[in-house]
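Peer 1: Heads up: the protein sequence lines correspond to chains A and B, in order.
Per the working numbering, the very first residue in the first sequence carries number 1; after that it's consecutive.
Per the working numbering, the very first residue in the second sequence carries number 1; after that it's consecutive.
Glycine is no exception: its CB is placed at the ideal position from the N, C-alpha and C atoms.
Given the structure is predicted, the values throughout are model-derived calculations rather than measurements.
This is the structure, below, for whatever I ask next.
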Amino acid sequence: MESTGRKFRLMLAYALVLMLLASSFAGAVRAEAVDWITAEDISDMPETTIRYWFYESPELTALGAKQIEEFQALYPNIKVHGSTAPDNTDNEMLMPYVTSRTNSNIHQSVNNEDLWYIDHGLLYPLSNFPDFEEVFARYDPDLNYRWKDGNVYSISWYHTPMLMYYSKELLNSVGWDRAPETYSEFFEIAQKIKDLGTGKWMMSPAIGEEWWQWEFAVQPFYIAATGSSQVISEDGTKAIFDSEKGVKAIEFFETLVKNDYALIENADISPFQTGQIAAVIEGSWEIRSIKDNAPVGFEYFVGPVPIPDGQERGPYDTFSFVRNLCIIEELGVPEGEERDRVRRASWEFLKFLISDEQMAQHFNASGDIPCTVDLLENPLFAPVLEGYGDVMKQFMELGKNGIIGDMNSIYEVEVMDKMQQAYLKVIHGVAIAKDALAQGVVEADEVLEKGR
Amino acid sequence: MSYIRVTGDSAQSRPEKRKRWDRIALLFIAPYVIFTLTFLIYPLGMAIIGSLAKWDMISNSFVQFTGLSNYVRLVNDPKFWQSVLNSLIYFVVQIPLAIVGGMFVANLLNKKIIARDLFRGLYFLPVITGSVVLAILWRWMYQSSNGIINYLLSLIGVEPVKWLTDASITMLSISLMKAWMDVGFYTIVFLAGYQSISAELLDAAKVDGANDIQVYFKIKLPLLNPTIVFCIMMATIWAFQIFNEPYIMTGGGPLGSSTTMTLLLYKVGFIEHNMGYASTIGVAIGIIIFVTSILERRLFEREIE
Chain A
1 MESTGRKFRL MLAYALVLML LASSFAGAVR AEAVDWITAE DISDMPETTI RYWFYESPEL
61 TALGAKQIEE FQALYPNIKV HGSTAPDNTD NEMLMPYVTS RTNSNIHQSV NNEDLWYIDH
121 GLLYPLSNFP DFEEVFARYD PDLNYRWKDG NVYSISWYHT PMLMYYSKEL LNSVGWDRAP
181 ETYSEFFEIA QKIKDLGTGK WMMSPAIGEE WWQWEFAVQP FYIAATGSSQ VISEDGTKAI
241 FDSEKGVKAI EFFETLVKND YALIENADIS PFQTGQIAAV IEGSWEIRSI KDNAPVGFEY
301 FVGPVPIPDG QERGPYDTFS FVRNLCIIEE LGVPEGEERD RVRRASWEFL KFLISDEQMA
361 QHFNASGDIP CTVDLLENPL FAPVLEGYGD VMKQFMELGK NGIIGDMNSI YEVEVMDKMQ
421 QAYLKVIHGV AIAKDALAQG VVEADEVLEK GR
Chain B
1 MSYIRVTGDS AQSRPEKRKR WDRIALLFIA PYVIFTLTFL IYPLGMAIIG SLAKWDMISN
61 SFVQFTGLSN YVRLVNDPKF WQSVLNSLIY FVVQIPLAIV GGMFVANLLN KKIIARDLFR
121 GLYFLPVITG SVVLAILWRW MYQSSNGIIN YLLSLIGVEP VKWLTDASIT MLSISLMKAW
181 MDVGFYTIVF LAGYQSISAE LLDAAKVDGA NDIQVYFKIK LPLLNPTIVF CIMMATIWAF
241 QIFNEPYIMT GGGPLGSSTT MTLLLYKVGF IEHNMGYAST IGVAIGIIIF VTSILERRLF
301 EREIE
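Laid out in structure tokens, this is it:
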């Protein structure tokens, strides 16, 4: 009986020693765990799966699939599940996908939307990666931003300045062969087109309710009139878009509507390409769209955004829309090795997407201009630029003073919504520009006040 | 009085049989119960609790109990009241047009006319065509510069109407389009209603000297009362839930003039990411539908003699 007890105690002692040994071994293994964020070589990283959504046209969908194939040949241990982005995930319906972990790990975002995600801890700081600054230096600083906490959460991918396109036929029919530079020149053409009495208009201003309509269709006029994209004070506490010059930009639309120069329509088919209106404000994608969809023989030229009379052009004279790439955090995965692997794998894929070779292919498929600083000198982009002809070079030259939107507050989207509502009141004749903007500032200040 | 004698054997086996049948019955109703719990009771509970809390979309959890603050906001929110007004315009215009239109067409199709089956199919076609497709088609037709409706009106000298870009008539335009869409559905329902009326009753009325109008208003219409009440109640539920058409045709504009309650709910929940307040709007919609349905039932339901 006594010997059985001794045996039992001996076995217990052995078991304890073994457990101690095992735990210290495990500790040693943990101590040697790889930090995948900073690791130089990731070829021995355990197999990691990331998700990627590609957008929107058949050309880009095909390119996305090809890119995944090429990337996986370079990194066999990183599996990329590619799919076409579901509808509306650009700005509305993304959260359900994020919470259910079915979203794209590498998200195609826009600046002011980034802010909501940053505020909610959803974006991983790209500046945490050791090679980030080297990558970041290749992109135009005017098209990027560093957030107030010192981190960079997204990197510019492609951009397009918003510029005016004019129908050669309609402008020639009223004796004009160049783009108007000022409001009075613009309205002179508009009046002549109206006088033709052929049911044509000068322009069709945006009438959508969405906040981003302001960004694309009104902000370029605001920047051209004020020389700056600032709409909120630098400390992020006050809306300042009702300045004298800001009002002038909205008065431009007021004049358009009041004098019946504008076609107010939610058009499905481009009224510019069908010859209903003489001018449209669009990004570089319009060059590709005209090439693909406009009637044979449709001729056009591009021009700067008009400015108020008696005013010099400022340092910036239009809005440059930038599509960023960022990494959305994997919700529900605890901090640690697995989460870091997904971040690192996403970073490698993101870098692959913004490599010169891939950007050149994307430029060709979409007409979206890469944000690299050496675009005009880089031989990889030269054949694509040639393919688009002189108009693309002219477009890029005219848009060189484009700038991204205001980034002074986390509530950019909410403030932009108030500006869009103010603009719509003018378009629908409910208020004059000055009053509408003054009311918009009051409402925007309430938004900023709530956030403080 | 006679009794059936229950033998000892069958008395013992009966509860067991019943238990077995109960188990089988449970098996049959289980899918429905699971479906109801998952897609009705659970979301309903979440919406009610969510309306009283701050709902964090990132963690999908209620992070703070906020009491009735969302309801206070709702009562003071001009956007909500505008959406209620927009939904009411739709309710007042679309429901009578669609239901009376359906009754009228059904009455015609109940008579012996040429190609009756073809017409029955044609009137039902919009119902089986996707609402998204029809909304896009009507957006084209409603265009003020190129739309076919304004073109036809111009032939009789009518100036172009801004169907979807004039805030004062946008909701009316959407209501008219939706009434056209729904006439087919009510036509089929009323056709079934008309056909269930006994031919003997109608013959008897005629023998008694009643003319067609008297037959319709004194015999057919009273007998259609259950069908009418059913249609009104369904139309009410759908009216306060309308989303696709304003979303596609106008995006809720101009200036919020076609933002219905459900569209507002969507914007608050999925664009502003404020699920707590969106849940409050959802609860309010539920209450409005419930109260309106009860009132309508009291108002329209009649005893059939």
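(1) Could you give the distance in angstroms between the alpha-carbon of Ile285 (chain B) and the alpha-carbon of Ile294 (chain B)?
(2) Roughly how many angstroms lie between the CA atoms of Gln230 (chain A) and Ser257 (chain B), to the nearest whole one?
(3) Would you identify the three-state DSSP class for His362 (chain A), choosing helix, strand or coil?
(4) Note down, one range per segment and in chain order, each beta strand (DSSP E) of at least 3 residues found wholly within the segment 136-221 of chain A.
(5) Taking buried to mean at least 16 other C-beta atoms within 10 Å of its own C-beta, is Trp81 (chain B) buried or exposed?
(6) Does the distance from the C-beta atom of Gly402 (chain A) to that of Ser320 (chain A) stay below 8 Å?
(7) By DSSP, does Glu303 (chain A) sit in helix, in strand, or in coil?
(8) Give me the subset of the segment 151-174 of chain B whose CB atoms are less than 9 Å from a CB atom of chain A, sorted by chain position.
(9) Which residue marks the beginning of the alpha helix (DSSP H) containing Ser289 (chain A), and which one marks its end?
(10) Report, in whole angstroms, the separation of the C-beta atoms of Ile307 (chain A) and Ala225 (chain A), which I expect to be a contact under 8 Å.
(11) Would the beta-carbon of Ile354 (chain A) fall within 8 Å of that of Trp157 (chain A)?
(12) Please go through the same chain and pick out, in chain order, the residues whose beta-carbon is closer than 8 Å to the beta-carbon of Ala192 (chain B), but skip the five residues on each side of it.
(13) Quick check on the burial criterion: 16 or more other C-beta atoms within 10 angstroms. Buried or exposed for Pro130 (chain A)?
(14) Quick one, which residues of the segment 423-440 of chain A are near chain B if we go by CB-CB under 9 Å, in chain order?
(15) Any beta-carbon of chain B closer than 8 Å to the one on Met93 (chain A)?
(16) Identify, in the order they occur along the chain, each residue of the same chain with its Cβ nearer than 8 Å to the Cβ of Ile364 (chain B), setting aside the five sequence neighbours on each side.
(17) Could you tell me the alpha carbon to alpha carbon distance between Thr160 (chain A) and Ser284 (chain A), rounded to whole angstroms?
(18) Using a Cβ cut-off of 8 Å, pull out every chain B residue sitting near Gly208 (chain A), in sequence order please.
(19) Return yes when the Cβ of Phe301 (chain A) is within less than 8 Å of the Cβ of Lys148 (chain A), no when it is not.
(20) What does Arg14 (chain B) touch in chain A if you count any residue whose Cβ is under 7 Å from its own?
(21) Whose C-alpha, out of A:Arg341, A:Ala382, A:Arg51, A:Leu398, is nearest the C-alpha of Gln361 (chain A)?
(22) Would you check if the distance between the CB atom of Thr259 (chain B) and the CB atom of Ile242 (chain B) is smaller than 8 Å?
(23) Looking only at its own chain, which residues have a Cβ that is under 7 Å from the Cβ of Trp214 (chain A), when we skip the five neighbours before and after it?
(24) On the DSSP letters alone, give me the boundaries of the alpha helix (DSSP H) that Trp116 (chain A) sits inside.
(25) For Asn172 (chain A), does the count of other Cβ atoms within 10 angstroms reach 16, so buried, or fall short, so exposed?
(26) Measure the CB-CB distance between Ala53 (chain B) and Phe39 (chain B) and report whether it falls below 8 Å.
(27) With DSSP as the reference, identify every bridge partner of His81 (chain A), one or two as the case may be.
(28) What does DSSP give as the partner residues of Asp56 (chain B) in its beta bridges?
(29) Please list, in chain order, all residues of the same chain as Ile149 (chain B) whose beta carbon is under 8 Å from its beta carbon, the five residues on each side excluded.
(30) What are the partner residues of Gly402 (chain A), as DSSP defines its beta bridges?
(31) Going by Cα to Cα distance, which pick from B:Leu172, B:Glu303, B:Ile219 is closest to Gln195 (chain B)?
(32) Listed from N- to C-terminal order along the chain, which residues in the segment 265-297 of chain A have their beta-carbon within a distance smaller than 9 Å of any beta-carbon of chain B?
(33) Interface residues of chain B around His120 (chain A) at Cβ under 7 Å?
(34) Bridge partners of Asn259 (chain A), per DSSP?
(35) Does any CB atom of chain A fall closer than 8 Å to the CB of Gln82 (chain B)?
(36) Quick check on DSSP: helix, strand or coil for Ile294 (chain B)?
Peer 2: Concretely, from the data shown:
(1) 14 Å
(2) 30 Å
(3) helix
(4) 154-161, 163-167
(5) exposed
(6) yes
(7) According to the sequence as given, residue 303 (chain A) is Gly; it is not Glu. The answer is strand: DSSP assigns Gly303 (chain A) an E or B state.
(8) Lys162, Leu164, Thr165, Asp166, Ala167
(9) 285-293
(10) 6 Å
(11) yes
(12) Thr227
(13) exposed
(14) Leu424, Lys425, Ile427, His428, Val430
(15) yes
(16) In the structure as shown, chain B starts at 1 and stops at 305, and residue 364 (chain B) therefore has no counterpart that could be examined.
(17) 6 Å
(18) Gly251, Gly253
(19) no
(20) None at all; the shortest Cβ gap to chain A is about 50 Å.
(21) A:Ala382
(22) no
(23) Met416, Met419, Gln420, Tyr423
(24) 111-119
(25) exposed
(26) no
(27) A:Arg51
(28) B:Ser61
(29) Met141, Tyr142, Val161, Trp163
(30) A:Thr318
(31) B:Ile219
(32) Glu265, Asn266, Ala267, Asp268, Ile269, Pro271, Thr274, Gln276
(33) Ile58
(34) DSSP, once it has assigned bridges, lists no residue as partnering Asn259 (chain A).
(35) no
(36) helix
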